[in-house]
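Residue numbers (the working numbering): 3 to 168. Idealized CB from N, CA, C, for every residue including glycine. Data first, discussion second: the structure below is written as structure tokens.
Listed below in structure tokens is the structure:
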């Protein structure tokens, strides 16, 4: 729970300070977006770690994720263009909004299935597999647009991007 509070407080700090946010370099701008993306990944990991064995904890994490990601979306929307480029910010907003919607909808449905306290039946397993496929189908074009926009941003601003471990 301390981890959630830390993430939540850092996002609120960023959200409240975003009106006056100034980015002095392309690296700062890129890093702000990527740091928020990494926070979202951490939230997915916490939910995933608890989904089967402790659905109430996973649902608490999901509810925290909704608050945190809502703040991230707001922060990102308020980011100014950088050297006339708003495409990277806009692609970030779109994928972050997608993540917010998954926490509100699909992950709620997934957790409702696991919260029943018994092994999912064939129909529920089929539903879980369908949700998983739909999430991948919806995310892929947003992720592709995000990567393209980031690469364009990096090229325009002579920024070297580093690969992260998966």
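In this structure, what does DSSP give as the bridge partners for residue i?
i, result
"residue 87", "84"
Kindly indicate which three-state DSSP category residue i falls into: helix, strand or coil?
i, result
"residue 25", "coil"
"residue 50", "helix"
"residue 20", "Model confidence at residue 20 stands at a pLDDT of 46, short of 50, so the residue's coordinates are unreliable; what they give is reported in the following sentence. Correct three-state label for residue 20: helix."
"residue 44", "helix"
"residue 30", "helix"
"residue 111", "helix"
"residue 118", "coil"
"residue 72", "helix"
"residue 163", "coil"
"residue 38", "helix"
"residue 145", "helix"
"residue 61", "helix"
"residue 123", "coil"
"residue 55", "coil"
How would you call residue i, buried or exposed, if buried means at least 16 neighbouring beta carbons within 10 angstroms?
i, result
"residue 120", "exposed"
"residue 81", "buried"
"residue 90", "buried"
"residue 114", "exposed"
"residue 148", "buried"
"residue 56", "exposed"
"residue 49", "buried"
"residue 19", "With a pLDDT of 49 at residue 19, under the threshold of 50, the predicted position of this residue should be treated as unreliable, and no value is reported."
"residue 164", "exposed"
"residue 37", "exposed"
"residue 73", "buried"
"residue 132", "exposed"
"residue 152", "buried"
Comparing alpha-carbon positions, which option in the options lies nearest residue i?
i, options, result
"residue 92", "155, 164, 26", "155"
"residue 108", "134, 83, 41, 73", "134"
"residue 96", "71, 28, 136", "71"
"residue 27", "84, 163, 142", "84"
"residue 106", "65, 24, 34", "65"
"residue 99", "79, 31, 153", "79"
"residue 143", "44, 157, 94, 87", "94"
"residue 118", "146, 61, 158, 41", "61"
"residue 122", "42, 53, 39, 24", "53"
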